[in-house]
Ligand code: G3P
Ligand code: CA
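In our numbering, the protein residues as written are 1431 to 1714.
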């Protein structure tokens, strides 16, 4: 009997250790204490955008080289209905052009220089198409696809769904794909089109007091509640988990911010600097 219990206990311990990695966390006195911590999912925000111009192939390639788990991509649509990767709804900040994204055709928008603003070594980087990004990275790195300002682009949910379905990526199997948006109606619409793909609701600071009822409502179409990191508390993380969702806060830009989230037991971190996420849980 004792032998059976011992074997059972050992089996449970080995199984549990498969899902945790040793972590080195500050114990408050400046020294480092070892604890068990689950693997933190590392999401490169707009690519590794601390190192290369956001939402360009250079930034996505850097994230891949840095072995992030996912690249986050902001998807919008051109005047001629092509899906492209860009964050702002104008091209002013991240290219040498001016005007709204939706005022350009694909051919026109790809004439713009999307790299020089970040550094001369990136001069000539183009705004990539969504299809180019998914064709390059499918199966190599996860894709966290944000429908950015979808209210400006009627039909964008269908276009994204078509692009994924044409490639048989709507049943991801081993391919890691998540779709998210601040526009929760758009998330709901996308989930109806792509029922096998996990979806996430993005939550800005106005969701600091999200209720359990609202979280329960989100679970009818979402698997992730991804908030601004400034509203993350232990209590919020617990309530999201109890509701049955995962939580990937955004956007970490310092090691201190990453360390704070590690201690909050979040499931993943959306960051411009993937190295901050790897630095904490893995002993260098
Ligand atoms: O993935 C979350 C994050 O990208 C949301 O904020 O403004 O950078 O798209 P934003
Ligand atoms: Ca985004």
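A virtual CB, placed ideally from N, CA and C, is assigned to each residue, including glycine.
The beta carbons of residue 1612 and residue 1632 sit closer together than 8 Å. Within the region 1475-1541, the beta strand (DSSP E) runs of at least 3 residues that lie entirely inside it are, in chain order, 1500-1507, 1513-1515. Between the alpha carbons of residue 1678 and residue 1493 lies a distance of about 17 Å. Excluding the 5 residues flanking it on each side, residue 1614 has same chain C-beta neighbours closer than 7 Å at 1631, in chain order. The beta carbon of residue 1637 is closer than 7 Å to those of 1657, 1661 in its chain, skipping five residues each way along the sequence. For residue 1647, the uninterrupted alpha helix (DSSP H) segment begins and ends at 1642-1648.
Counting the other Cβ atoms within 10 Å of the Cβ of residue 1474 gives 16 or more, which makes it buried. For the pair of segments examined, the region 1498-1509 was found to touch the region 1564-1583: the number of CB pairs separated by less than 8 Å reaches three. Each of 1650, 1624, 1516 was checked against the Cα of residue 1598, and the nearest Cα belongs to 1624.
Relative to the Cα of residue 1616, the nearest Cα in the group 1588, 1626, 1639, 1634 belongs to 1588. Residue 1614 has its Cβ no nearer than 7 Å to any heavy atom of ligand 2. The beta strand (DSSP E) runs of length 3 or more contained entirely in the region 1573-1639 are, from start to end of the chain, 1607-1611, 1629-1633.
Linking residue 1538 to residue 1556 through their CA atoms gives a straight-line distance of about 11 Å.
Here residue 1535 really is in contact with residue 1510; their C-beta atoms are around 5 Å apart, less than 8 Å. Excluding its 5 nearest sequence neighbours in each direction, residue 1621 has C-beta neighbours in its own chain below 6 Å: 1629, 1651, listed in chain order. Note that the C-beta distance between residue 1610 and residue 1560 is not below 8 Å. With respect to residue 1532, residue 1582 sits close: the two C-beta atoms are nearer than 8 Å. For residue 1517, the CB contacts under 8 Å within the same chain, skipping 5 residues up- and downstream, are 1476, 1484, 1485, 1504, 1524, 1578 in chain order. Excluding sequence positions up to five before and after residue 1590, its CB lies less than 6 Å from no other CB in the same chain.
Between the C-alpha atoms of residue 1500 and residue 1480 there is a straight-line separation of about 15 Å. In this structure, DSSP gives residue 1558 a state outside helix and strand, which the three-state scheme calls coil. Look at the region 1671-1712 and you find these whole runs of beta strand (DSSP E), each 3 residues long or longer: 1698-1701. Residue 1701 is classed as buried because its beta carbon has at least 16 other beta carbons within 10 Å across all chains shown.
At a cut-off of 7 Å, the beta-carbon of residue 1576 counts as near ligand 2: some heavy atom of the ligand is closer than that. Residues close to ligand 1 by the beta carbon criterion (under 5 Å to any non-hydrogen atom) are, from first to last along the chain, 1502, 1680, 1700.
In this structure residue 1572 is buried. Its beta-carbon is surrounded by 16 or more other beta-carbon atoms within 10 angstroms.
With a cut-off of 7 Å, the C-beta of residue 1476 is classified as near ligand 2, since at least one heavy atom of the ligand falls inside that distance.
Proximity of the beta carbon of residue 1504 to ligand 2 is indicated: a heavy atom of the ligand is located closer than 7 Å. Taking 7 Å as the cut-off, one finds no heavy atom of ligand 2 near enough to the beta carbon of residue 1600.
Annotation: residue 1682 to residue 1470 spans about 13 Å, alpha carbon to alpha carbon.
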